[in-house]
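Participant: Numbering-wise, my numbering comes out as the position in the sequence shown, counting from 1, plus 243.
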Amino acid sequence: MISYIITTFNRGEKVLKTIQSILRQIPNQDEVEIVVVDGGSKDNTCKLVQDLADKVSNVRLIIEKAPGVMPSRHAGAKLAKGNILVYIEDDVQVSETHVKAIKEIFSDNQNQIATGPCEPDYLSTDFPIWYQSMWSTVSSIPNSKVNGWFSLMNLGDKVLEVDASYVWALNFAIRKTLLFELGGFHPDLSPPRWKAFQGDGESGLSLKASEKNISAIYHPGLKVLHEIQADRFDTKYVERRLFFQGISDSFTLLRKTRAVASLFSHYLALTLLSLRLAKRKIFRNELPVDLISEKARLKGFLFHQRSFRDDLKVQSWVLEESYIDKAVPEPSPIRFFDKLFLMV
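#1: Curious, which full-length alpha helix (DSSP H) runs of at least 4 residues does the region 408 to 460 contain?
#2: Looking only at C-alpha atoms, which of 271, 323, 286 sits nearest to residue 252?
#3: Assuming the contact rule is C-beta atoms closer than 8 Å, residue 419 and residue 328 should be a hit. Round their C-beta distance to whole Å, please.
#4: Looking at residue 566 and residue 341, is the spacing between their C-beta atoms short of 8 Å?
#5: Does the beta-carbon distance from residue 277 to residue 301 come in below 8 Å?
#6: Which partner residues of residue 482 appear in the DSSP bridge assignment?
#7: Please state the DSSP three-state secondary structure of residue 499.
#8: Checking the sheet assignment: what are the DSSP bridge partners for residue 357?
#9: Does residue 567 come out as helix, strand or coil in the three-state DSSP assignment?
#10: Note the first and the last residue of the continuous alpha helix (DSSP H) segment covering residue 297.
#11: Between residue 268 and the rest of its own chain, which residues show a CB-CB distance below 6 Å, the 5 nearest in sequence each way excluded?
#12: Look at the alpha carbon of residue 425 and the alpha carbon of residue 446, and state the distance between them as a whole number of angstroms.
#13: Would you call the region 535 to 544 in contact with the region 498 to 518, where contact means no fewer than 3 C-beta pairs closer than 8 Å?
#14: Leaving aside the five residues before and after residue 546 along the sequence, list all residues of the same chain whose C-beta is less than 6 Å from its C-beta, in chain order.
#15: From which residue to which residue does the beta strand (DSSP E) around residue 388 run?
#16: Are the region 452 to 461 and the region 501 to 508 touching, with three or more C-beta to C-beta distances below 8 Å?
#17: Check whether the Cβ of residue 526 lies closer than 8 Å to any Cβ atom in chain B.
#18: Kindly indicate which three-state DSSP category residue 573 falls into: helix, strand or coil?
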């Protein structure tokens, strides 16, 4: 059986569109279910999903109140009936070939992880001048395009075997046994109070797969459309996104090194970046997005490194072997220095 797992929070109308894009591909009595895990919505999300679940047997609602998206992902995995788990986020719609492609891929018992193109569904086409600079290519894959900041990716129209790092949470298929064998997802998208307990999310899970030489299948039939809202073209969004990328980078590094090295070079880099930005603002009246994003990433990195160094709860959390069934600790207050110099 295949279990589509959608984690959601305060996105009632949007998640219904996501669900319907899957339901359109499921015949009656098909061995496919949709498990919606609500992370404590304050709006009408639960009611809308439950109303649908009361009418459609393939749909189930689960409520998970623990902070962050990781507990919701694990709650969905534990209660899913399927042995194939397909994680889809609540602001995407799957292509009309998605379910068929999942069945095709996992009919081969050698295939463990899969993904496909993650294309944009723009709610605004008023692109800022810096938007194109966010795109890159994969040198070994012709005509590929990747925008990690917005979780967008297309590696072409052929089935490929790729590194698991190309499998992102908005379009992440994995065998249930492997998910638990690898210790589940890492912490991700924690609410503001839990900044220090943020982690590298699905990247950490993919890294563990790569370390075991488990590759992923990229299949063009697994295409999803990812809603890109107008506010994502604001540099404030980019700052927030890159701040958490800095935390993620620190989390990944600390799980390898298990200790904080000297932070002097990072403080120096942050100071120099701040001076460059101030100079550009004064003399050119511009704020280059590459400098803004790198400054935000450095702030996140330093904040998390300092939190690990000085907070035993953060140390224990980062070094957990497995995050299945793990509850996020109650956070310590954010320190004055961090509030003043490292927040975005």
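We treat Cβ as the ideally placed atom computed from N, Cα and C, and that holds for glycine.
Facilitator: Answer, in terms of the structure:
#1: 419 to 424, 444 to 454
#2: As a first step, residue 252 is located in the sequence shown; it is residue number 9 there, counting from the start. For residue 252, the nearest C-alpha among the options comes from 286.
#3: Position 176 of the sequence shown, counted from the start, is the residue given in the question as residue 419. Position 85 of the sequence shown, counted from the start, is the residue given in the question as residue 328. With a Cβ gap of about 5 Å, residue 419 and residue 328 count as contacting.
#4: In the sequence shown, the residue the question calls residue 341 occupies position 98. In the sequence shown, the residue the question calls residue 566 occupies position 323. Cβ atoms of residue 341 and residue 566: not closer than 8 Å.
#5: Translated into positions along the sequence shown, residue 277 becomes position 34. Translated into positions along the sequence shown, residue 301 becomes position 58. Closer than 8 Å, so yes.
#6: As a working note, residue 482 is residue 239 in the sequence shown. DSSP output for residue 482 lists no bridge partner at all.
#7: Within the sequence shown, numbered from 1, the residue matching residue 499 stands at position 256. Note: residue 499 maps to helix in three-state DSSP.
#8: One-based indexing of the sequence shown puts residue 357 at position 114. Looking at the DSSP assignment, residue 357 forms a beta bridge with 416, 460.
#9: Numbered from 1 along the sequence shown, position 324 holds the residue referred to as residue 567. The answer is coil: DSSP assigns residue 567 none of H, G, I, E or B.
#10: As a first step, residue 297 must be located in the sequence shown, where it is residue number 54. From DSSP, the alpha helix (DSSP H) with residue 297 extends over 288 to 298.
#11: On the sequence shown, position 25 is the one that residue 268 refers to. Once the five neighbours on either side are set aside, the close Cβ partners of residue 268 are 342.
#12: Taking the first residue of the sequence shown as position 1, residue 425 is located at position 182. Taking the first residue of the sequence shown as position 1, residue 446 is located at position 203. Distance between the alpha carbons of residue 425 and residue 446: 12 Å.
#13: yes
#14: Within the sequence shown, numbered from 1, the residue matching residue 546 stands at position 303. Same-chain partners within the cutoff: 581, 585.
#15: Residue numbering aside, residue 388 sits at position 145 when the sequence shown is read from its first letter. Residue 388 -> beta strand (DSSP E) spans 388 to 390.
#16: no
#17: Considering every chain present, this structure includes no chain B. It has just one protein chain.
#18: Locating residue 573 in the sequence shown gives position 330, where the first residue counts as 1. Coil at residue 573, not helix or strand.
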